[in-house]
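Input: a single structure, listed below in structure tokens.
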Amino acid sequence: MKHYSMTIAGKAVDSSEVITVVNPATSAPLATAPDCSTEQLDEAVSSARAAYPGWRATSDSERRQVLKEAAGVLVANADELIRLLTSEQGKPHDEARVEIMGSAYWLSSLADMEIPVEVNEDTAERRSETRHVPIGVVAGISPWNFPVFLSFWKIAPALRAGNTMVLKPSPFTPLTMLRIGELLSGVIPDGVLNIISGGDALGPKVTAHPGIDKISFTGSTATGKRVMASAAADLKRVTLELGGNDAAIIMPDVDVDAVAKDLFWAAFRNSAQICIATKRMYVHEAIYDRLAKALTEYTQTVKMGDGSEQGTELGPVQNKLQYDRVVEIIKDCKDRGFRFLTGGDVAQDSPGYFIPVTIVDNPPEDSRVVQEEAFGPILPLIKFSEVEDVIARANASEYGLAGSVWSADTDAALSIAARLETGTVWINEVQHLTPFQAFAGHKQSGLGVENGLGGLLEYTVPQTITVKPAKAA
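Counting with numbering that gives the first Met the number 0, you get residues 0 to 472 for the letters of the sequence shown.
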């Protein structure tokens with residue numbers, strides 16, 4: 000079984016203990032990774048701390064060039080990284096390619112982004128300007144659904160701003176980022192980016208470490224609350240991208256046949272393991288039956304299987320814990336007598352963590368499938384008749400990450416979108432993201448901003464310098 004190493008201070012580092020990574024398509028062991036010890040965590044943080052003064056002092060143009068070169072490394076090694084990502088995460092090769100190439104694009108785009116200097120006053124009496132300076136050592140904690148892409152959402156702005164980093168990927172999917180750490184050794188200066196791996200005990204050690212100045216975490220709301228509590232002890236800065244229970248509102252004037260495919264992928268791309276996937280689909284009663292039929296028919300055309308096999312469009316749920324959670328929600332639907340438009344039967348004696356695409360027919364608002372973020376291929380299709388009612392229902396959630404409105408009337412859709420209590424709303428599409436637009440959660444979906452200028456400035460602190468000319472002697 001292949002073993003991967005951590006990267007600390009630019010060198011490959013192993014540990015006495017290991018974690019085993021499983022291929023979710025077969026549920027068989029795939030490879031091993033180090034289980035970082037407390038001493039090795041200290042070493043990684045010390046390495047980042049030692050590298051910080053030099054990296055901060057590096058010219059803006061040099062830091063930009065390093066990010067561009069790192070992007071080139073991802074592109075040059077894309078085929079290897081795609082295969083590895085599919086084997087540990089489960090997603091099809093085509094989706095893995097989008098993730099690797101998207102990560103390279105994020106690096107290049109952040110390299111081109113300007114960090115502004117704001118002139119507050121410029122008079123004969125004084126000049127005052129506010130700069131945005133790096134924070135110090137950043138800890139990045141990334142999830143298992145997009146383990147590379149969401150790591151680079153943290154790495155790119157943190158390094159661009161002049162910080163150094165210790166990155167901890169999910170213990171379910173550490174391999175691709177560990178391999179990237181090896182590939183970037185010699186491209187990114189030693190100690191500027193350290194990549195460690197470990198089991199469940201490592202995360203709390205990272206967030207509590209006194210040598211870390213900021214934490215950027217992507218994951219569940221429950222874990223995010225624990226991260227925030229840990230950070231409070233020494234007032235670490237935090238960026239938290241947390242859970243979502245995104246609502247799509249489908250108005251009666253849509254072309255059902257034209258939007259059915261897009262709505263399917265809005266809900267089920269990456270086997271619904273996306274924080275901004277549609278997880279509640281509210282459909283106007285005038286088109287409910289037609290859309291239900293169109294979605295069900297399209298489902299039959301989509302191949303689910305091992306992501307390494309040609310033609311696979313949907314892979315497995317990534318890990319056994321999440322698989323069991325989705326199975327529990329399906330069981331709850333059965334226990335309550337809900338009707339399934341498709342799916343609902345899970346072959347639990349088969350290898351891999353596969354759950355068929357499951358669509359639940361008009362369950363009540365208080366059901367688990369509506370109220371909880373399943374993070375797996377199950378979708379409640381829910382009828383509505385009045386706009387005021389559906390807006391209220393969409394907003395009746397502790398989450399506020401994203402949502403979408405689908406309508407032939409753009410003005411009407413904009414009016415609805417403006418009233419949704421979410422950080423992002425798409426109209427007639429979903430999941431369109433760029434490095435240049437702010438992405439943020441409302442309510443319990445997170446704190447802070449990712450992407451855009453606001454996301455870059457999350458990795459800085461303002462420093463205002465005021466100069467009053469000295470009087471002549």
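Note that CB positions come from ideal geometry on N, CA and C, so glycine has one too.
Inspect the beta-carbon positions of residue i and residue j and report whether they are closer than 7 angstroms.
{"i": "A232", "j": "M280", "result": "no"}
{"i": "L109", "j": "P156", "result": "yes"}
{"i": "T206", "j": "S229", "result": "yes"}
{"i": "I7", "j": "G198", "result": "no"}
{"i": "T172", "j": "E87", "result": "yes"}
{"i": "G399", "j": "E420", "result": "yes"}
{"i": "K384", "j": "E284", "result": "Note that residue 384 corresponds to Ser in the displayed sequence, not to Lys. Their beta carbons are under 7 angstroms apart, which means S384 touches E284 by this criterion."}
{"i": "I249", "j": "V301", "result": "no"}
{"i": "A401", "j": "T433", "result": "no"}
{"i": "T85", "j": "G342", "result": "no"}
{"i": "V448", "j": "G454", "result": "yes"}
{"i": "F148", "j": "E181", "result": "no"}
{"i": "T463", "j": "T122", "result": "no"}
{"i": "E397", "j": "Q347", "result": "no"}
{"i": "P315", "j": "P28", "result": "no"}
{"i": "A265", "j": "G375", "result": "no"}
{"i": "M5", "j": "S196", "result": "yes"}
{"i": "F435", "j": "G451", "result": "yes"}
{"i": "H131", "j": "P355", "result": "no"}
{"i": "L201", "j": "C35", "result": "yes"}
{"i": "G190", "j": "A50", "result": "yes"}
{"i": "K204", "j": "R236", "result": "no"}
Could you tell me the boundaries of the beta strand (DSSP E) in which residue i lies?
{"i": "N76", "result": "Premise fails: N76 is in no beta strand (DSSP E) and is neither H nor E."}
{"i": "K10", "result": "10-12"}
{"i": "W483", "result": "Because the chain here runs from 0 to 472, residue 483 falls outside it and cannot be looked at."}
{"i": "T6", "result": "5-7"}
{"i": "G139", "result": "136-140"}
{"i": "S540", "result": "Nothing can be reported for residue 540, as the shown portion of the chain is limited to 0 through 472."}
{"i": "L234", "result": "Note, L234: premise wrong, no beta strand (DSSP E); not H, not E."}
{"i": "I302", "result": "Here the sequence assigns Lys to residue 302, which means Ile is not the residue at that position. Segment: none, K302 is in no beta strand (DSSP E) and carries neither H nor E."}
What's the gap between the Cα of residue i and the Cα of residue j?
{"i": "K319", "j": "T409", "result": "42 angstroms"}
{"i": "S46", "j": "D78", "result": "31 angstroms"}
{"i": "E457", "j": "A30", "result": "35 angstroms"}
{"i": "L294", "j": "I358", "result": "9 angstroms"}
{"i": "T159", "j": "Q317", "result": "Going by the sequence as given, residue 159 is Arg instead of Thr. The alpha-carbon atoms of R159 and Q317 are separated by roughly 31 angstroms."}
{"i": "R178", "j": "A395", "result": "42 angstroms"}
{"i": "P133", "j": "Y297", "result": "49 angstroms"}
{"i": "A11", "j": "N76", "result": "19 angstroms"}
{"i": "D252", "j": "S414", "result": "15 angstroms"}
{"i": "R55", "j": "P91", "result": "39 angstroms"}
{"i": "P142", "j": "F216", "result": "8 angstroms"}
{"i": "D288", "j": "V389", "result": "18 angstroms"}
{"i": "R268", "j": "R48", "result": "39 angstroms"}
{"i": "F337", "j": "D344", "result": "13 angstroms"}
{"i": "I114", "j": "R63", "result": "12 angstroms"}
{"i": "L340", "j": "V186", "result": "52 angstroms"}
{"i": "E38", "j": "P188", "result": "22 angstroms"}
{"i": "S14", "j": "I275", "result": "36 angstroms"}
{"i": "V44", "j": "G210", "result": "6 angstroms"}
Going by beta carbon distance, what residues of the same chain come within less than 7 angstroms of residue i, once the five residues before and after it are set aside?
{"i": "I328", "result": "R367, V368, E371, A373, I377"}
{"i": "L174", "result": "Y3, V20, A30, A32, L83, E87"}
{"i": "Q321", "result": "F374, G375"}
Along the chain, where does the alpha helix (DSSP H) containing residue i start, and where does it finish?
{"i": "A319", "result": "The residue asked about is misnamed: residue 319 is Lys in this sequence, not Ala. Counting along the chain, the alpha helix (DSSP H) containing K319 begins and ends at 319-334."}
{"i": "G180", "result": "174-183"}
{"i": "L158", "result": "148-159"}
{"i": "Y104", "result": "92-111"}
{"i": "R418", "result": "Per DSSP, R418 belongs to no alpha helix (DSSP H) and is neither H nor E."}
{"i": "V282", "result": "Taken as a continuous stretch (DSSP letters only), V282 belongs to no alpha helix (DSSP H), being part of the beta strand (DSSP E) at 277-283."}
{"i": "R268", "result": "No alpha helix (DSSP H) holds R268; DSSP gives it neither H nor E."}
{"i": "S224", "result": "The identity of residue 224 in the sequence shown is Lys, whereas the question assumes Ser. 220-231 is the span of the alpha helix (DSSP H), which, as asked, contains K224."}
{"i": "E387", "result": "386-394"}
{"i": "L201", "result": "201-207"}
{"i": "L432", "result": "That residue, L432, is in no alpha helix (DSSP H); it is neither H nor E in DSSP."}
{"i": "S366", "result": "Per DSSP, S366 belongs to no alpha helix (DSSP H) and is neither H nor E."}
{"i": "E42", "result": "37-56"}
Identify, in the order they occur along the chain, each residue of the same chain with its Cβ nearer than 6 angstroms to the Cβ of residue i, setting aside the five sequence neighbours on each side.
{"i": "S403", "result": "A247, W425, V429"}
{"i": "V386", "result": "none"}
{"i": "S219", "result": "G242"}
{"i": "L192", "result": "M164"}
{"i": "G101", "result": "F148"}
{"i": "R96", "result": "I81"}
{"i": "N144", "result": "Q272"}
{"i": "V118", "result": "E128"}
{"i": "P350", "result": "T25, S26"}
With a CB to CB cut of under 8 angstroms and the five nearest residues on each side skipped, what residues in its chain are close to residue i?
{"i": "L106", "result": "L66, K67, A69, A70, L73, F151, I154, A155"}
{"i": "F438", "result": "E240, G422, T423, L432, V448, E449, N450, G451, G454"}
Inset, instruction - Decide yes or no for the touch test of the region 255-273 against the region 219-236: beta carbon pairs closer than 8 angstroms, at least 3 of them. - result: No, they do not touch.
Inset, instruction - Would you be able to state if there are at least three C-beta pairs under 8 angstroms between the region 157-164 and the region 132-141? - result: yes
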